[in-house]
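Novice: Below is one structure. I have some questions about it.
Now the structure itself:
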């Protein structure tokens, strides 16, 4: 009996700590107006405590400032994606977690991660037809945003898993072989080259799962993307590449014009950060990124699951 009482007490205390999140959200300045989005990755763990903490802080920010969208950098559903549009994962990871009042009206624009492509990727696309928040028309897609005639942003979502050589014909990744083998990466690069060249936005942003450059020690950089993506990014002047895969928060600036931002702290950080010359910031903690786009600048704020601003960086538009 005493053991049962103690167990119930422990469950109650745990539930309270998850539901209440008594965090004091740090106050800091962000540009007024413009376009603001939250970026979260490697998050899909059926409402674990870090995920719920991130969701709480994201909602608090949305209550304090106008958030226009949420982008995901993949691994939306561990460990093998979803089986269909009625999979319980949708409620346990998404609908019942990001359900607070200020987040509910905000549109999500996901990208696919390597754990997503182990499951039914078509279901993640089809879920867009039954959700007012989830917007994923394809594994590769783009969208234009013009905010109050003040700033224009061209967002491009890419499916990076098919570009990773080790996922092809590897016995350890049989469950993703169908997806990666049936994606024409050559045609995908033609498409990417074309959409990058279209229009003249204030800011050109690409996001996907795998990092191009990274200082995280577990996965590190992705050589295939350095070879395939960087020449396109340089040619078209990509301003920012958001990614995940590395369960960390990182900011990398190489000699190329593109800023590389890792937002992979959605639920389960398990990485170590190397001290490399091009790594401006890196930490293996739960969190996400707040990005504020103005006409002549972008402010990148790395947020912890407790509402602390861990690091801040401002990109100025170059003539």
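Numbering (my numbering), first residue to last: 204 to 522. Note that beta-carbon positions come from the ideal geometry of N, C-alpha and C, so glycine has one too.
Run through the region 402-444 for me and flag every whole alpha helix (DSSP H) of 4 or more residues, listed as ranges in chain order.
Specialist: Qualifying alpha helix (DSSP H) stretches, in chain order: 426-431, 433-439.
Novice: Excluding sequence positions up to five away, which residues of its chain have a Cβ less than 7 Å from the Cβ of residue 323?
Specialist: 284, 285, 286, 287, listed in sequence order.
Novice: Could you tell me how far apart the beta carbons of residue 244 and residue 278 are, in whole angstroms, since I believe they sit closer than 8 Å?
Specialist: That belief holds up - the Cβ atoms of residue 244 and residue 278 are roughly 6 Å apart, short of 8 Å.
Novice: Per DSSP, what are the beta-bridge partners of residue 515 in this structure?
Specialist: Answer by DSSP bridge pairing, in chain order: 504.
Novice: Check whether the region 405-421 and the region 454-471 touch, using three or more Cβ-Cβ pairs below 8 Å as the test.
Specialist: The region 405-421 is in contact with the region 454-471.
Novice: If you compare alpha carbons, which of 433, 443, 508, 305 is closest to residue 520?
Specialist: Among 433, 443, 508, 305, the Cα nearest to that of residue 520 belongs to 443.
Novice: Quick check: the Cα distance between residue 363 and residue 422, rounded to an integer number of angstroms?
Specialist: Answer to the nearest angstrom: the Cα atoms are 14 Å apart.
Novice: According to DSSP, simplified to helix, strand and coil, what is residue 386?
Specialist: Three-state result, residue 386: coil.
Novice: Starting from residue 358, follow its DSSP beta bridges and name the residues at the other end.
Specialist: Answer is 346, 408, bridged to residue 358.
Novice: With 16 other CB atoms within 10 Å as the buried threshold, where does residue 248 fall?
Specialist: Counting Cβ neighbours within 10 Å, residue 248 comes out buried, since at least 16 surround it.
Novice: Under DSSP, the alpha helix (DSSP H) around residue 309 begins and ends at which residues?
Specialist: Run containing residue 309: none; DSSP gives neither H nor E here.
Novice: Please report the residue range of the beta strand (DSSP E) in which residue 272 lies.
Specialist: Here the beta strand (DSSP E) through residue 272 covers 272-275.
Novice: Rounded to whole angstroms, what is the Cα-Cα separation between residue 301 and residue 378?
Specialist: Those two C-alpha atoms are separated by around 29 Å.
Novice: Using three-state DSSP, classify residue 465 as helix, strand or coil.
Specialist: Looking at residue 465 - three-state DSSP - the assignment turns out to be strand.
Novice: So what does DSSP say about residue 482, is it helix, strand or coil?
Specialist: It is a strand residue.
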